[in-house]
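First up is the structure itself, then whatever we jot down about it.
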Amino acid sequence: MHHTDLAMIENEAENSEVRHLIPVEVHVWIGLYRVPWSWSDKSPSRFQLWGFSEPNNVEGIQHCVCENALHQWGDERCHATKVFICEQVVKTSITVKMMMTSDVDLTGPAVNAQVLQQLGTLLTNQGWTDFKVQWKIISKKNKEN
């Protein structure tokens, strides 16, 4: 499995939400993986709801996790065919207002591209993924109106 959008269940409330999505008597994939137990986005798993005698890593090949009909978790072969539950991606937008003074023409495309590239690198180094950086220059003249 290479799905990075499988459900990450980090508390009982989220497990309850997933519980309502699962058809009766169906086992579904969630986004938890072995070594160490971590979510598909590589974050550590702090909440776990293992079934009786799970995880058991039968034959040393059970590295993925599914939720069973009792809404308990069990490790399973990653290539087993099962229904899967995915995360609902919520897009957010963050606006940051900055005031800059410079002798350089900030409206020039080369400067604009360089600033955006540096901001993107800074965000990536801080662990941000799947983002878009853009800017809008508001001149003093437009701001006064």
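Per the working numbering, the very first residue in the sequence shown carries number 1450; after that it's consecutive.
Glycine residues also receive a C-beta, built at the ideal position from the N, C-alpha and C atoms.
Sort out for me which residues DSSP pairs residue i with in a bridge.
i, result
"Cys1527", "DSSP lists no partner for Cys1527."
"Leu1455", "Cys1535"
If I'm right that residue i touches residue j with Cβ under 8 Å, what's the distance once you round it to whole angstroms?
i, j, result
"Ala1456", "Gly1480", "6 Å"
"Cys1515", "Glu1503", "The Cβ separation is near 10 Å, so there is no contact."
"Cys1535", "Asp1454", "5 Å"
"Val1477", "Val1532", "5 Å"
"Thr1556", "Ile1586", "6 Å"
"Val1553", "Val1560", "6 Å"
"Ala1518", "Val1473", "7 Å"
"Gln1521", "Trp1499", "7 Å"
Take the Cβ of residue i as the centre, count every other Cβ of all protein chains shown within 10 Å, and call the residue buried at 16 or more, exposed below.
i, result
"Gly1509", "exposed"
"Ser1489", "buried"
"Gly1523", "buried"
"Ile1458", "buried"
"Cys1577", "Inspection of the sequence shows that residue 1577 is occupied by Trp rather than by Cys. Classification for Trp1577: exposed."
"Asn1464", "buried"
"Gln1563", "exposed"
"Gln1566", "exposed"
Quick one: grab the DSSP three-state call for residue i.
i, result
"Asn1460", "coil"
"Leu1555", "coil"
"Val1582", "coil"
"Gln1566", "helix"
Using a Cβ-Cβ distance under 9 Å, would residue i count as near chain B?
i, result
"Gln1566", "In the structure shown, chain B cannot be found, because there is only a single protein chain."
### Query
Can you list, in chain order, the stretches of the beta strand (DSSP E) that have 3 or more residues and sit fully within the stretch 1463-1551?
Counting only runs of 3 or more residues that sit fully inside the stretch 1463-1551, the beta strand (DSSP E) segments are 1477-1482, 1511-1516, 1522-1526, in chain order.
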